[in-house]
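The next block holds one structure in the form of structure tokens; read it before the comments.
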Amino acid sequence: MLRVLILGGIGDAVELAVKIANIPGIEVITSLAGRTREPANLPGNVRSGGFGGVPGLTNYLREMQIDLLIDATHPFANQISENAAAATQEVGIPRLMVIRPPWEKLEDDDWLEVEDNLAAATALANRAKRVFLTIGRQEIGTFAHLQEIWFLMRMIDPPNTDVIVPPGLILCDRGPFNLENEQEILLKYNIDTIVSKNSGGNATYPKIIAARKLGIKVVMVNRPPVPPGKQVADVDSACKWLFDKLDISLQNAK
Numbered sequence: 315m316l317r318v319l320i321l322g323g324i325g326d327a328v329e330l331a332v333k334i335a336n337i338p339g340i341e342v343i344t345s346l347a348g349r350t351r352e353p354a355n356l357p358g359n360v361r362s363g364g365f366g367g368v369p370g371l372t373n374y375l376r377e378m379q380i381d382l383l384i385d386a387t388h389p390f391a392n393q394i395s396e397n398a399a400a401a402t403q404e405v406g407i408p409r410l411m412v413i414r415p416p417w418e419k420l421e422d423d424d425w426l427e428v429e430d431n432l433a434a435a436t437a438l439a440n441r442a443k444r445v446f447l448t449i450g451r452q453e454i455g456t457f458a459h460l461q462e463i464w465f466l467m468r469m470i471d472p473p474n475t476d477v478i479v480p481p482g483l484i485l486c487d488r489g490p491f492n493l494e495n496e497q498e499i500l501l502k503y504n505i506d507t508i509v510s511k512n513s514g515g516n517a518t519y520p521k522i523i524a525a526r527k528l529g530i531k532v533v534m535v536n537r538p539p540v541p542p543g544k545q546v547a548d549v550d551s552a553c554k555w556l557f558d559k560l561d562i563s564l565q566n567a568k
């Protein structure tokens, strides 16, 4: 029996958990950061909340006798990925990163690529008036000093009460989103600039297509670097890696 810990944070984690939950010889535990109040339903065992850094994750891996770790966190959850790399190295178990490809700028896209949210906020000053801010709820305070700009802020859950919110409107919604809806939002609120993390995937890409069609600028926050290690781009490749590990485990058990 292989006990697999999935660190979740993107839809790929849900799909992966569903695919492997009923496979004989595999027990799956999915860990969620607990940042959304109504996470997706998942098969198998589910835990929510942080581990307490590298020491906490290391202890969890040992106590739960985890055999394999699959990092399917959000591309911008770099601290969790760094912790996973350190903890699995300490325990001595294999680790796989599921990293979906980033979006690529096309010929008709009007992108300004920046390194982080602070750089995105700096880029907006004196350049934008009505901004569609789609970076989630954790870091909207970075833009709160831009009082001359109106923000439409889309997130799954509302921000915590102690967060300083930029001027504008909060729209709570969960993807996937379609192109027609995204175009309607951009036109309805007279948006001239979108701020987006380059998360990749299909769920939120329609806003990028809509911006392209409507000639709207996009301030694109590039991804942070990932720790070294084996990585795949999709769930099917992750399953193949897992099956290979299961075959080796079964052969060793004979």
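Residue 503 in the numbering used here sits at position 189 of the sequence shown, with consecutive numbering throughout. Every residue, glycine too, gets a C-beta built ideally from N, C-alpha and C.
I need the DSSP call for residue i, collapsed to helix, strand or coil.
i	result
Gly367	helix
Trp425	strand
Thr372	helix
Asp561	helix
Using only alpha-carbon positions, find the residue among the options that is nearest to residue i.
i	options	result
Arg317	Ala347, Pro490 and Pro408	Pro408
Glu329	Asn474, Asn492, Ala386 and Asn504	Ala386
Val360	Ile337, Val342 and Gln545	Val342
Trp555	Tyr374, Gly358, Val412 and Ala458	Val412
Leu382	Ala401, Ile499, Phe390 and Leu420	Ala401
Pro357	Ile380, Gly370, Ile530 and Ala327	Ala327
Ser557	Ala524, Ile324, Gly322 and Gly339	It is worth fixing the name first, because residue 557 is Phe in this sequence and not Ser. Ranking Ala524, Ile324, Gly322 and Gly339 by Cα distance to Phe557 puts Gly339 first.
Asp422	Val535, Asp550, Ala524 and Phe365	Ala524
Leu460	Leu438, Met469 and Leu493	Leu438
Glu298	Gln403, Ser395, Gln545 and Val532	Outside the modelled stretch of the chain, which goes from 315 to 568, sits residue 298, for which no answer is possible.
Label residue i either buried or exposed according to how many other C-beta atoms from any shown protein chain fall within 10 Å of its C-beta, with 16 as the threshold for buried.
i	result
Asn397	buried
Ser395	buried
To the nearest angstrom, report how far apart residue i and residue j are at their CA atoms.
i	j	result
Trp417	Asp548	14 Å
Asp430	Gly514	16 Å
Trp425	Tyr374	42 Å
Asn336	Thr344	14 Å
Who are the near neighbours of residue i in its chain, counting only those whose CB is closer than 7 Å to its CB and skipping five residues on each side?
i	result
Lys559	Leu316, Leu382 and Pro408
So, for residue i: in the same chain, excluding its five sequence neighbours on each side, which residues have a beta-carbon less than 6 Å away from its beta-carbon?
i	result
Arg444	Trp464, Asn504, Ile505 and Asp506
Asn392	Pro538
Gly455	Val477 and Ile478
Which residues in the same chain have their Cβ closer than 8 Å to the Cβ of residue i, if we skip the five residues on either side of it in sequence?
i	result
Leu528	Gln497, Leu500 and Leu501
Thr518	Thr448, Gly489, Pro490, Phe491 and Ser510
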